[in-house]
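Protein chains in written order, with this note's numbering: chain A, 23 to 296; chain B, 212 to 475.
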């Protein structure tokens, strides 16, 4: 199998676990409709994701990146091929996956703490230890003191942080993020990027991060996967060799600019950003 | 708007209307059996209470209303839930639901008196029947109204259908359910009164009927006054429970819209 990132020097400042494969996607395809005239959303996706890796996926609207994420989350079956998480095929929702959606999707009748503990309630985990963990994670995202508040009392950025903590509470092996900061203003978005990077470094989760923004993809990703539309295919894979932790200043460097330009070019070649 | 001054003006306006009414009835010498003056209504009101006549009838009507409300809405909640959760059941039960919904339920009152007699049972059944539909429809709509993202979130956590129901669909349906309960409460009162009109031995509806026969129009006015007061109290009970349960539902407009849809 062609693995373009192989051999590229992993950045020394990140304490990566040895490059164990956590996700293997094999010849994955998805067709909506069926009977031969259906719409092909994903065609023959083949890739692997290492344990602890941050993979950004960029692509224009309708390139099937959300479909890919839904299949990885077990919310939707693949038409062909499969995806393996830790060696077992993803055939339905799994308890070792956390998902962050584009909107925070908080339950207004639950407090911040209650929302964060939702996965613990669903999976019947011990409430005491989970509450302690919830408090630690809320502190990590700067939401200490907001445990008993309700979602409508929080700003958009704070709500999305609650959603992030909720996705981490049951300590999933894989964190799937579907344009989580797309609805935030530019400044909040950059702040959230910095925070997400910090949380990722501390928690060492494997993250699959879908975005429209090339610079966000480069800023956060160990690798950036470019998808091309109709049918959704993997275009290019870029390995981002920028030292961690990255600060917002890195965005003004030449090296960063080069990555962004190369990815833009790849996107344009494959159908273009809108 | 609600400054002490405006409140005083409000009271003044009410006093003025009553005064005009009183004056007009006296000046034009309107007969008592057509339109009684407010003073006669208050006299009738006082007499009704002083003789103890009203108190017994109030309890009868309120009892019928509450029993009908509880039974009707409990059944509506269960059936609405079953229909909302089961597509096949919805498919087969829907024609019945539509037919009964289009029917003016109060028109069934004479039949119900025939089936259940002149006593308490027929009033409770009629009140329950009238209260049933607004809650059932709102329960179905409410349980189905959970956003796709929220359902996906629950599914992504590997939640069971039961968990999705208790943790998402039911709390999410609460604004609709309470909007339905508010209407159901008032409908139950209407149902009880109508059944009393058709045939009863006691209750405020029966009282209005018998006052009508004796041309006691002032008495009828006083009972009407009493009924709107009872309606207010019953409605207040539901809204105050709702205020506690739905503290998170910032937009009360939302549930008011659901309520309006159901007023038929």
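We put the beta carbon where it would ideally sit given N, CA and C, even for glycine. All values derive from a computational prediction rather than experimental measurement.
(message) Could you tell me the alpha carbon to alpha carbon distance between residue 171 of chain A and residue 134 of chain A, rounded to whole angstroms?
(response) 6 Å
(request) Apply the 10 Å Cβ neighbour rule to residue 412 of chain B and answer buried if 16 or more other Cβ atoms are within range, or exposed otherwise. (result) exposed
(request) Decide if residue 200 of chain A is buried, meaning its Cβ has at least 16 other Cβ atoms within 10 Å, or exposed. (result) buried
(request) Check the Cβ of residue 123 of chain A against every Cβ in chain B and list those closer than 8 Å, keeping chain order. (result) 360, 363, 364
(request) Reducing DSSP to helix, strand and coil, say where residue 297 of chain B ends up. (result) coil
(request) Can you tell me which of A/98, A/143, A/117, A/74 puts its alpha carbon nearest to the alpha carbon of residue 225 of chain A? (result) A/74
(message) With DSSP as the reference, identify every bridge partner of residue 69 of chain A, one or two as the case may be.
(response) A/47
(message) Nearest by alpha-carbon distance to residue 406 of chain B: which of B/245, B/271, B/300 is it?
(response) B/271
(message) Counting C-beta neighbours from all protein chains within 10 Å, is the total for residue 156 of chain A 16 or more, i.e. buried, or is it exposed?
(response) buried
(request) Take residue 397 of chain B and list the residues in its own chain whose beta-carbon comes closer than 8 Å to its own, dropping the five residues that flank it on each side. (result) 442, 445, 446
(message) Just verifying my parser: in three-state terms, what is the DSSP assignment at residue 244 of chain A?
(response) coil
(message) Against chain A, with Cβ distances strictly below 8 Å, would residue 326 of chain B count as a contact?
(response) no
(message) Measuring straight from C-alpha to C-alpha, what distance separates residue 54 of chain A and residue 254 of chain A?
(response) 12 Å
(message) So, with DSSP's three-state summary, where would you put residue 314 of chain B?
(response) coil
(message) Under DSSP, the alpha helix (DSSP H) around residue 224 of chain B begins and ends at which residues?
(response) 215-238
(request) Give a yes or no on whether 8 Å exceeds the smallest Cβ distance from residue 202 of chain A to chain B. (result) no
(message) Can you tell me which residues form a DSSP beta bridge with residue 199 of chain A?
(response) A/122, A/231
(request) Alpha carbon to alpha carbon, how far is residue 107 of chain A from residue 197 of chain A? Give it in angstroms, no decimals. (result) 12 Å
(message) Buried or exposed, going by whether 16 or more other CB atoms sit within 10 Å of the CB of residue 265 of chain B?
(response) buried
(request) In angstroms with no decimal places, state the Cα-to-Cα distance between residue 326 of chain B and residue 332 of chain B. (result) 10 Å
(message) By the three-class DSSP mapping on this structure, what secondary structure does residue 307 of chain B have?
(response) helix
(request) Note down, in chain order, every chain B residue with its Cβ under 7 Å from the Cβ of residue 131 of chain A. (result) 382, 459
(message) Quick check on residue 374 of chain B - is its C-beta less than 8 Å from some C-beta in chain A?
(response) yes
(message) Under 8 Å: do the stretch 362-379 of chain B and the stretch 120-137 of chain A share three or more Cβ pairs, one atom per stretch?
(response) yes
(message) Per the DSSP calculation, residue 255 of chain A is bridged to which residue(s)?
(response) A/250
(message) So, at 8 Å on beta carbons, what are the nonlocal neighbours of residue 254 of chain B in its own chain, with the 5 sequence-adjacent residues on each side left out?
(response) 429
(message) Please confirm whether residue 253 of chain A has its beta-carbon closer than 8 Å to some beta-carbon of chain B.
(response) no
(message) Assuming the contact rule is C-beta atoms closer than 8 Å, residue 387 of chain B and residue 356 of chain B should be a hit. Round their C-beta distance to whole Å, please.
(response) 7 Å
(message) I'd like to know if residue 356 of chain B contacts chain A, where contact means its C-beta is closer than 8 Å to some C-beta of that chain.
(response) no
(message) Let me see if you follow: with CB-CB separation under 8 Å, is residue 267 of chain A close to chain B or not?
(response) no
(message) Tell me the residue span of the beta strand (DSSP E) that contains residue 363 of chain B.
(response) First-last for residue 363 of chain B: 359-367, but that is the alpha helix (DSSP H), not the beta strand (DSSP E).
(request) Return no unless some Cβ of chain B is closer than 8 Å to the Cβ of residue 97 of chain A. (result) yes
(request) With 8 Å as the threshold, decide whether the Cβ of residue 143 of chain A is near any Cβ in chain B. (result) yes
(message) Pairs of beta-carbons, one from the stretch 222-236 of chain A and one from the stretch 180-187 of chain A, closer than 8 Å: are there three or more?
(response) no
(request) Let me know the secondary structure DSSP gives residue 78 of chain A once reduced to three states. (result) strand
(message) Against chain B, which members of the stretch 165-176 of chain A pass a CB distance test of less than 9 Å?
(response) 172, 173, 174
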